[in-house]
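Since the structure comes first, as structure tokens, the remarks are kept for the end.
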Amino acid sequence: MKKVLILNGHQYYDVVAKGELTNHYVDCANKFFEENGFEVRQTHIEKGYTIQEEIEKFKWADYILFQYPVYWMGLPWIAKKYIDETFTQGVHYESDGRSRSDASKLYGSGGLMKDKKYMLSLTYNCPASAFDNKNSLFDGLSLDEAHVAVHKTFKFCGLKPLETYAVHDIFKGDLNLDLELEKFKSVLAKNFKG
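In my numbering, the protein residues as written are 1 to 194.
Structure representation (structure tokens):
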């Protein structure tokens, strides 16, 4: 049975970020995985965690789904804190990859999770048109390029990326959640049923 860890990286802020949208995505993913024969474990970071238990979850999982809202172009600080606390315990990577005796070994190649994959699922206020647009805020960066720090963190640990999903314009007032969840499920199907 395939095993997936769902990380809920939401951080609560009254009025603007209560967590309902993130919870819809986590619930949708959980249902998808259970219906498709996955064993599922979850961590809702804001509700607390034990570092050793999280390390064991990463060892256990074949896949990681990281669901989080984008705050000020990045991770909520509590999700970054989770990564800092759980990834620095020496079980996600052996070293930074370099070797004094072998110059061909490159920085970032010492990850211990090379048999695992991850998917980012993001909720955004900005429009999709802000990406791949040299005249917009992100200066032509793609969605994934704008999240290079998170991608490189997982790559440093050896994980391979799956297609990223993002929902945009969440505060615009015309979000069709049912339609967006169908798009999300189609990305899940592409990433996890193939």
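Glycine included, every Cβ here is placed at the ideal spot set by N, Cα and C.
Query: Cα-Cα separation, residue 93 to residue 173; Result: Only weak support is given to the placement of residue 93: the predicted model assigns it a pLDDT of 49, under 50, and the value that follows is read from those uncertain coordinates. Each residue's Cα considered, the two are about 43 Å apart.
Query: Between the CA atoms of residue 4 and residue 13 - distance to the nearest angstrom; Result: 28 Å
Query: Cα-Cα separation between residue 63 and residue 122, rounded to whole angstroms; Result: 17 Å
Query: Own chain, CB closer than 6 Å to residue 150, minus 5 neighbours either side, in chain order; Result: none
Query: C-alpha distance - residue 159 paired with residue 175, whole-angstrom precision; Result: 32 Å
Query: Three-way DSSP call (helix, strand, coil) for residue 85 in this model; Result: helix
Query: Reduced DSSP secondary structure (H/G/I, E/B, other) of residue 38; Result: coil
Query: Three-state secondary structure assigned by DSSP to residue 48; Result: coil
Query: Closest by C-alpha distance to residue 161, when choosing among 82, 48, 120; Result: 120
Query: Simplified DSSP assignment, three categories, for residue 129; Result: helix
Query: Residue ranges of each alpha helix (DSSP H) within the stretch 120–191, 4 or longer; Result: 143–146, 148–156
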